[in-house]
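A.B. asks: My questions will all concern the structure given below.
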Ligand code: G3P
Ligand code: CA
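Numbering (full-length UniProt numbering), first residue to last: 1 to 229.
Encoded structure:
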């Protein structure tokens with residue numbers, strides 16, 4: 001079986017990351033799943049933003065955690081990448097799209113230390129409102145553990161950046177190495193979630209090694225490469 005294609009922040013090479021347009025395009029291009037990063041606003045909403053601050057991806061400045069959703073909604077998250085103006089995307093809105101289009105969603109929680117517990121509880125609550133196959137992911141083993149206790153039926157990915165341990169805890173369903181770690185340990189690829197796979201040689205390696213999910217910024221090209229092999 002070829003790997004499932006997970007659009008990393010949407011079709012984020014072509015359109016501004018974490019916008020509804022980028023996710024919509026990713027599904028048009030043949031993505032099976034959608035990856036997003038989530039952060040808590042000051043008033044407790046989960047929004048799809050990667051960085052702690054909004055400076056890189058909007059026309060505003062400051063930390064997500066210091067702003068309310070209403071304040072974020074006044075900003076433009078689309079024009080920085082040459083896209084159409086776009087509002088900040090909430091996780092609820094992304095889940096609505098995924099539900100309508102039958103896509104899986106891979107939600108990576110950020111700031112697990114400062115808001116540990118709160119962010120996992122907020123995620124569990126939002127997921128309860130949608131019929132979507134969701135997967136929870138984090139670089140923090142504590143965050144994955146806390147979430148699994150709240151939502152045992154939702155699969156989890158523990159992300160690895162520097163090291164890829166041979167064994168994973170029982171509450172982790174999939175190993176989530178960076179592709180640099182797969183190159184170092186190709187024998188461990190079977191069933192893994194691998195990020196971020198944009199290079200054709202890496203796509204081929206993932207396929208050869210039985211990787212289950214590839215996260216890519218380029219879902220259209222990845223789909224074509226997998227179809228050609
Ligand atoms: O899919 C996992 C990957 O997104 C982790 O890295 O920094 O892009 O969130 P980052
Ligand atoms: Ca991410």
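Glycine is no exception: its CB is placed at the ideal position from the N, C-alpha and C atoms.
1) Please identify the residue among 23, 41, 94, 116 whose C-alpha is closest to the C-alpha of residue 230.
2) Along the beta strand (DSSP E) that carries residue 106, what are the first and last residues, could you check?
3) Just the C-alpha distance for residue 4 and residue 30, rounded to the nearest angstrom, thanks.
4) Can residue 171 and residue 144 be called in contact, C-beta distance under 8 angstroms?
5) With 16 other CB atoms within 10 Å as the buried threshold, where does residue 142 fall?
6) Roughly how many whole angstroms lie between the Cα atoms of residue 216 and residue 70?
7) So which of 64, 41, 164, 49 has the shortest CA-CA distance to residue 9?
8) Given this structure, state the Cα-to-Cα distance separating residue 271 from residue 61, to the nearest angstrom.
9) I'd like the list of long-range same chain contacts for residue 202, defined as Cβ closer than 6 angstroms, with 5 residues on each side in sequence excluded.
10) Relative to the C-alpha of residue 162, which residue among 229, 155, 140, 153 is closest?
11) Mind checking residue 218: buried by the 16 CB within 10 Å criterion, or exposed?
12) If I'm right that residue 68 touches residue 51 with Cβ under 8 angstroms, what's the distance once you round it to whole angstroms?
13) Where in the region 47 to 113 do unbroken runs of the beta strand (DSSP E), each at least 3 residues long, occur, reported from the N-terminal end onward?
14) Beta carbon of residue 147, beta carbon of residue 123: below 8 angstroms?
15) Where does the unbroken alpha helix (DSSP H) through residue 121 begin, and where does it stop?
16) Rounding to the nearest angstrom, what Cα-Cα distance links residue 83 and residue 17 in this structure?
17) With 16 other CB atoms within 10 Å as the buried threshold, where does residue 166 fall?
18) Residue 211: which of 181, 228, 37 sits nearest, CA to CA?
19) For the region 17 to 48, which segments carrying the alpha helix (DSSP H) assignment without a break, of at least 4 residues, lie completely within its bounds, in sequence order?
20) Check whether the Cβ of residue 164 lies closer than 7 angstroms to any heavy atom of ligand 1, and answer yes or no.
21) Under 7 angstroms from any heavy atom of ligand 1, does the C-beta of residue 75 make it?
22) Quick one: give me the first and last residue of the beta strand (DSSP E) that residue 301 is part of.
C.D. replies: The short version:
1) Examination of residue 230 is not possible in this model, given that the chain is present from 1 through 229 alone.
2) Position 106 of the chain shown, counting from 1, holds the residue named residue 106. 104 to 109 is the span of the beta strand (DSSP E), which, as asked, contains residue 106.
3) On the chain shown, position 4 is the one that residue 4 refers to. On the chain shown, position 30 is the one that residue 30 refers to. Across the structure, residue 4 and residue 30 are spaced so that their CA atoms are roughly 10 angstroms apart.
4) The residue you call residue 171 lines up with position 171 of the chain shown. The residue you call residue 144 lines up with position 144 of the chain shown. With respect to the 8 angstroms criterion, residue 171 and residue 144 are classified as neighbours on the basis of their beta carbons.
5) Position 142 of the chain shown, counted from the start, is the residue given in the question as residue 142. So residue 142 counts as exposed.
6) Residue numbering aside, residue 216 sits at position 216 when the chain shown is read from its first letter. Residue numbering aside, residue 70 sits at position 70 when the chain shown is read from its first letter. Their backbone Cα atoms lie some 31 angstroms apart in a straight line.
7) The residue labelled residue 9 in the question sits at position 9 within the chain shown. If you compare the alpha carbons of 64, 41, 164, 49 with that of residue 9, the shortest gap goes to 49.
8) Residue numbering for the chain in the displayed model covers 1 to 229; residue 271 lies beyond these limits and cannot be assessed.
9) Position 202 of the chain shown, counted from the start, is the residue given in the question as residue 202. Scanning its chain for C-beta atoms nearer than 6 angstroms, with the 5 sequence neighbours on each side dropped, one finds around residue 202 the residues 179, in chain order.
10) In the chain shown, the residue the question calls residue 162 occupies position 162. Taking the Cα of residue 162 as reference, the smallest distance to any Cα among 229, 155, 140, 153 is reached at 140.
11) Counted from its first residue, the chain shown places residue 218 at position 218. Residue 218 is classed as buried because its beta carbon has at least 16 other beta carbons within 10 Å across all chains shown.
12) Here residue 68 refers to the residue found at position 68 of the chain shown. Here residue 51 refers to the residue found at position 51 of the chain shown. Rounded to whole angstroms, the Cβ separation of residue 68 and residue 51 is 18 angstroms, and the two are not in contact under 8 angstroms.
13) Complete beta strand (DSSP E) runs here, min 3: 104 to 109.
14) Taking the chain shown and counting its residues from 1, one reaches residue 147 at position 147. Taking the chain shown and counting its residues from 1, one reaches residue 123 at position 123. Going by beta carbons, residue 147 and residue 123 fall inside the 8 angstroms limit.
15) Within the chain shown, numbered from 1, the residue matching residue 121 stands at position 121. Looking at the DSSP string, the run of the alpha helix (DSSP H) that includes residue 121 is 118 to 127.
16) Within the chain shown, numbered from 1, the residue matching residue 83 stands at position 83. Within the chain shown, numbered from 1, the residue matching residue 17 stands at position 17. Roughly 10 angstroms separates the two Cα atoms.
17) On the chain shown, residue 166 is found 166 positions in, with the first residue counted as 1. Classification of residue 166: exposed, given that the 10 Å Cβ count is below 16.
18) Reading the chain shown from its first residue, position 211 is the one you call residue 211. If we check each option's Cα against that of residue 211, 181 comes out closest.
19) Within the region 17 to 48, the complete alpha helix (DSSP H) runs of at least 4 residues are 20 to 28.
20) In the chain shown, the residue the question calls residue 164 occupies position 164. No, the beta carbon of residue 164 sits no closer than 7 angstroms to any heavy atom of ligand 1.
21) Position 75 of the chain shown, counted from the start, is the residue given in the question as residue 75. Because no heavy atom of ligand 1 lies under 7 angstroms away, the Cβ of residue 75 does not count as near it: no.
22) This structure cannot speak to residue 301, because the chain is shown only from 1 to 229.
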